[in-house]
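K.L.:
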Amino acid sequence: DIEAEPRYLPLFGRAVGARPDGAPGELADPWFGLDRYAWGGEVLTVKRMKVPPEWVGKPLRLVALGGGRFKLHDPDGNPVLSGAAGELAAMGKEGDGSPIAEIFVQELRARPGTEFVVVRKSYLQTVEDLRNALAISEQGKGTGILQLSLEGRHPAEIAGILNAIARTYLRQNVERRSAQAEESLRFLDDQLPKLKAELEAAEEAFNAFRKKNESLDLSVETEGLLKRIVDVETEISNLQLKRTQMGQSFASQHPSMIALNNQIGELSSIKRDLESRVTDLPDTQQEILRLQREVEVKNSLYTGLLNKAQELRIIRAGTLGNVRIIDEA
54 DIEAEPRYLP LFGRAVGARP DGAPGELADP WFGLDRYAWG GEVLTVKRMK VPPEWVGKPL
114 RLVALGGGRF KLHDPDGNPV LSGAAGELAA MGKEGDGSPI AEIFVQELRA RPGTEFVVVR
174 KSYLQTVEDL RNALAISEQG KGTGILQLSL EGRHPAEIAG ILNAIARTYL RQNVERRSAQ
234 AEESLRFLDD QLPKLKAELE AAEEAFNAFR KKNESLDLSV ETEGLLKRIV DVETEISNLQ
294 LKRTQMGQSF ASQHPSMIAL NNQIGELSSI KRDLESRVTD LPDTQQEILR LQREVEVKNS
354 LYTGLLNKAQ ELRIIRAGTL GNVRIIDEA
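If you're matching positions, the sequence shown starts at 54 in this note's numbering and goes up one per residue.
(1) Which stretch, first to last residue, makes up the alpha helix (DSSP H) that contains Arg-377?
(2) Can you list, in chain order, the residues of its chain whose CB lies under 6 angstroms from that of Tyr-166, leaving out five sequence neighbours each side?
(3) So what's Arg-239 in DSSP terms, helix, strand or just coil?
(4) With a threshold of 8 angstroms between beta-carbons, can Arg-114 be considered close to chain D, or not?
(5) Please classify Gly-130 as buried or exposed, where buried requires at least 16 neighbouring CB atoms within 10 angstroms.
(6) According to DSSP, is Gln-301 part of a helix, a strand, or is it coil?
(7) Under DSSP, the beta strand (DSSP E) around Lys-103 begins and ends at which residues?
(8) Put Glu-381 into one of helix, strand or coil per three-state DSSP.
(9) Rounded C-beta distance between Tyr-222 and Val-376? I'm assuming under 8 angstroms.
(10) Hey, Asp-109 and Arg-173 are a contact pair by Cβ (cut 8 angstroms); roughly how many whole angstroms apart?
(11) Could you tell me the distance, in whole angstroms, from the CA atom of Ile-189 to the CA atom of Val-180?
(12) What ranges does the alpha helix (DSSP H) occupy inside the stretch 307–354, keeping only unbroken runs of at least 4 residues that lie completely in it?
(13) So is Phe-259 buried or exposed if we call it buried at 16+ other beta carbons inside 10 Å?
(14) Within 10 angstroms of the Cβ of Ala-142, are there 16 or more other Cβ atoms? Answer buried if so, exposed if not.
(15) Specify the secondary structure class of Glu-107 as computed by DSSP and reduced to three states.
(16) Sort out for me which residues DSSP pairs Phe-157 with in a bridge.
(17) Just how far apart, CA to CA, sit Asp-243 and Leu-294?
(18) Between Glu-288 and Leu-320, which are expected to be in contact by the criterion C-beta below 8 angstroms, what is the C-beta distance as a whole number of angstroms?
(19) Which residue's Cα is closest to the Cα of Met-102: Ala-312, Gly-120 and Val-171?
(20) Applying the criterion that 16 or more other CB atoms from any shown protein chain within 10 Å of the CB defines a buried residue, is Ser-135 buried or exposed?
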């Protein structure tokens, strides 16, 4: 949110200052005796800056005085404070005793008289500038691999910003997954006791019927029919639970809810076709199939939700995300 750069001669000064002439760290000689402008090699690093609200977003002139010293001017050109690199320079006091304006220059390398333009940007302007300069593209359709690029004049600063964006996204991904896991876990913890009670009741009814009909067993064909019905009913029950959970966040006309309802409808149609074949069985076979089906569906659903709850507890711990940084800037 702090922008600091040398003042270049209009039209071609920036191009001249960007030339790699001279040894590293060496200041280029001024052209035409115009030493107020930067001609190459100048460095100004501002690490901290506070200004009155009316100065935010406006260019302030900082003039190098030599030996790391400088003078800062307000937007109207009036000198307001002096300081030196490596020291905090401040002016005036607020009602709470804090300075009205302050600046900490970490590094200053320039000829005496060279001017710099310093701007303390607002938070909104900083975000807007970053949004305009940042580009995100997918590396190959459907790969899920994103490349971030940022335009700017200072490579080291750009790399730092890109790495910070990537790390922030990584952290937010973990936090978001953890929050979603917490919400889903609350739902499952509410459903699991009910499912356990239903499973126990189904097992009790099945065992009681088998006790009365000890010699009764299902044929191989009926066992196959039972398995198909159990698979379909389990899938329907899972989708219905998912629909109940999603219904807490989405309206019934949301595309995801409509898709779920369509899936449930298709599976219900398959279930009806399978059940129509059950009516051809003897009554006792129908009853044992119904009771055994109830036990297996409830057991499959309950076991699946127990495993899902365990997965969610791991995610909730905040250590797992589904985003990785492949290469840093």
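The beta-carbon is built from N, C-alpha and C at its ideal position, and this holds for glycine as well.
P.N.:
The structure says:
(1) Note, Arg-377: premise wrong, no alpha helix (DSSP H); not H, not E.
(2) The sequence shown places Gly at residue 166, rather than the Tyr named in the question. Excluding residues within five positions, the ones whose Cβ falls inside 6 angstroms are Asp-88 and Arg-89.
(3) helix
(4) Of the protein chains in the structure, only one exists, and it is not chain D.
(5) exposed
(6) coil
(7) 96–103
(8) coil
(9) 7 angstroms
(10) First, the residue type needs correcting, since residue 109 is Val and not Asp in the sequence shown. Rounded, the Cβ-Cβ distance is 6 angstroms, consistent with contact.
(11) 16 angstroms
(12) 308–331
(13) buried
(14) That one is buried.
(15) helix
(16) Arg-101 and Leu-141
(17) 12 angstroms
(18) Yes, they are in contact, since the Cβ atoms of Glu-288 and Leu-320 sit about 6 angstroms apart, within 8 angstroms.
(19) Val-171
(20) exposed
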